[in-house]
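S.K.: Next up is a structure, given as structure tokens.
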Ligand SMILES: Cc1cc2nc3c(=O)[nH]c(=O)nc-3n(C[C@H](O)[C@H](O)[C@H](O)COP(=O)(O)OP(=O)(O)OC[C@H]3O[C@@H](n4cnc5c(N)ncnc54)[C@H](O)[C@@H]3O)c2cc1C
């Protein structure tokens, strides 16, 4: 394990996270999934307690919220290790969408909202959801289609609208809801914290999807009818919605890349074990050049995705938020496609075993396929990269 670009402290923390993932979380994956299907979280809770005891809980948060105060580079180093198990981020309370919502509330919520929702979220006593996307003709890949509205009413606001793909919304205690508050293309939206069980919040359904429903990763659909919130439910300020969406989504997108890289790297390790041992046509699979090509391509793509992600993390750490945007788009499309391709090739290299549920590749692939759509589809990120390159905002030789 090399520690390129990491301080000695981060390198040491990385080893501790990796040890917990390898020794405690990966061996418990099946137990966590089986218990979850039965509606119990005993093993998960035990591991969460252990992560706290080991001093590895929510490392991205400031110390007064129970974390280690790490910046984006620190998250880059540790989230990759957590991501080697699809359940890892949940154990350390660094999973999406909660982790992105923690960062957002930390920077923008009123003191009262922080006490009511952020503290229990940081302690994993509650979960949350982020409600931006709407069914057609509302906001999807293009947020300017936003239809959900919020209008001022006395001291507070009244929200009406329809949202879907609110990951984790079913079990969440609160929702971050993006709503239209004027017709201005830049300042026309605002984000609100809404109690999941407030009057007028209707949970329509759990959307049936390609990926298995695991832990809180259910896709929820909501209707909001005359939902009243107080003035302090506004995040940041009136009209800040589009700006905050960028501020939340750029680092959140990178944290996805970090987790996906971890899972892709573990998948490739599993391929190494199989093709290094299995014999076919008189030699080990790895001695066939077509297998070598799949291994080499996966190694190249994971490595380049890692460099893109860390480069972008470093920009964010330096406060270059606007400049980092096209780099985050490039990293996101590259790493999402890499994860899908690495898993698809892993199934191929493992043959019938790879296709069977004796190995987790099928389950992981079905979840990974969303990576090319969620947080903006590939095409929209490619549009951003091309646009910013043409405007001279993207230097390909950094
Ligand atoms: C598993 C999963 C979890 C999600 N979690 C959340 C969540 O927690 N909160 C939330 O708010 N949203 C969430 N989303 C929603 C996600 O962000 C949207 O699905 C995504 O932004 C695309 O919007 P859409 O589905 O409406 O697609 P549409 O806007 O209908 O686009 C459909 C397709 O058109 C193509 N397209 C769109 N624009 C362009 C363009 N400019 N150029 C070329 N092609 C284009 C793309 O291929 C795109 O996939 C989630 C989605 C998934 C799949």
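Residue numbers (this note's numbering): 432 to 829.
Cβ atoms here follow ideal geometry from the backbone N, Cα and C, with glycine treated the same way.
1. Using DSSP's beta-bridge definition, name the partner residues of residue 561.
2. Answer yes or no: the CB of residue 733 versus the heavy atoms of ligand 1, is any distance below 7 Å?
3. So residue 557 and residue 613 are supposed to be a Cβ contact under 8 Å. How far apart are they, rounded?
4. Ignoring anything shorter than 4 residues, give me the alpha helix (DSSP H) runs that lie fully in the stretch 472-511, in order along the chain.
5. Do you know whose CA, among 682, 660, 611 and 719, lies nearest residue 563's CA?
6. Indicate whether the contact test is met: 3 or more Cβ pairs, each with one atom in the stretch 755-773 and one in the stretch 684-691, closer than 8 Å.
7. Express the C-alpha separation of residue 533 and residue 552 in angstroms, rounding to a whole number.
8. Measure the beta-carbon distance from residue 466 to residue 473 and round it to whole angstroms, keeping in mind my assumption that it falls under 8 Å.
9. Mind the definition here: the stretch 521-529 touches the stretch 706-725 only if three or more C-beta pairs lie below 8 Å; say whether that holds.
10. Alpha carbon to alpha carbon, what distance is there between residue 497 and residue 753?
11. Among residues of its own chain, excluding the 5 on either side of residue 449, which ones have a beta-carbon nearer than 7 Å to its beta-carbon?
12. Should the stretch 587-605 be regarded as contacting the stretch 640-649, the criterion being three or more beta carbon pairs within less than 8 Å?
13. Is the beta carbon of residue 561 within less than 7 Å of some heavy atom of ligand 1?
14. Would you mind giving the Cβ-Cβ distance between residue 790 and residue 675, rounded to the nearest angstrom? I have them listed as a contact below 8 Å.
15. Does residue 648 come out as helix, strand or coil in the three-state DSSP assignment?
16. Assuming residue 773 and residue 733 are in contact, meaning their beta carbons sit under 8 Å apart, how far apart are those beta carbons, in whole angstroms?
17. What are the boundary residues of the beta strand (DSSP E) that includes residue 591?
18. Do you know offhand how far residue 778's Cα is from residue 719's?
19. In the DSSP assignment, what are the bridge partners of residue 666?
20. At which residues does the alpha helix (DSSP H) containing residue 521 begin and terminate?
21. In the DSSP assignment, find the unbroken beta strand (DSSP E) run with residue 635 in it and report its ends.
22. Three-state secondary structure (DSSP) at residue 466?
23. Taking the CB atoms as reference points, tell me whether residue 587 and residue 661 lie closer together than 8 Å.
24. Is it buried or exposed, residue 737, if we count other Cβ atoms within 10 angstroms and call 16 or more buried?
25. Would you mind reading off the limits of the beta strand (DSSP E) that contains residue 420?
26. Under the three-state reduction of DSSP, which class applies to residue 823: helix, strand or coil?
27. Can you tell me whether DSSP reads residue 655 as helix, strand or coil?
28. So is the beta-carbon of residue 789 under 7 Å away from any non-hydrogen atom of ligand 1?
29. Does the stretch 567-577 touch the stretch 500-515, meaning 3 or more C-beta pairs lie closer than 8 Å?
30. Pop quiz: residue 618 and residue 594 are said to be a contact at Cβ under 8 Å. What is the actual Cβ separation, rounded to whole angstroms?
31. Shorter than 7 Å, the distance from the beta carbon of residue 634 to the closest heavy atom of ligand 1, or not?
32. Are residue 501 and residue 490 close, meaning C-beta to C-beta below 8 Å?
33. Do residue 621 and residue 560 have their C-beta atoms closer together than 8 Å?
34. Can you determine whether any heavy atom of ligand 1 sits closer than 7 Å to the C-beta of residue 590, and answer yes or no?
35. Starting from residue 583 and walking both ways along the alpha helix (DSSP H), at which residues does that stretch end?
M.R.: Reading off the structure:
1. 607
2. no
3. That belief does not hold up - the Cβ atoms of residue 557 and residue 613 are roughly 32 Å apart, past 8 Å.
4. 473-484
5. 611
6. yes
7. 7 Å
8. 6 Å
9. no
10. 29 Å
11. 512
12. yes
13. yes
14. That pair is no contact at about 41 Å.
15. strand
16. 7 Å
17. 587-598
18. 17 Å
19. 622
20. 519-522
21. 632-638
22. helix
23. yes
24. buried
25. Because the chain spans 432 through 829 in this model, residue 420 falls outside it and cannot be assessed.
26. coil
27. strand
28. no
29. no
30. Not really, about 21 Å apart at Cβ, beyond 8 Å.
31. no
32. yes
33. no
34. no
35. No alpha helix (DSSP H) contains residue 583, which is instead part of the beta strand (DSSP E) from 580-584.
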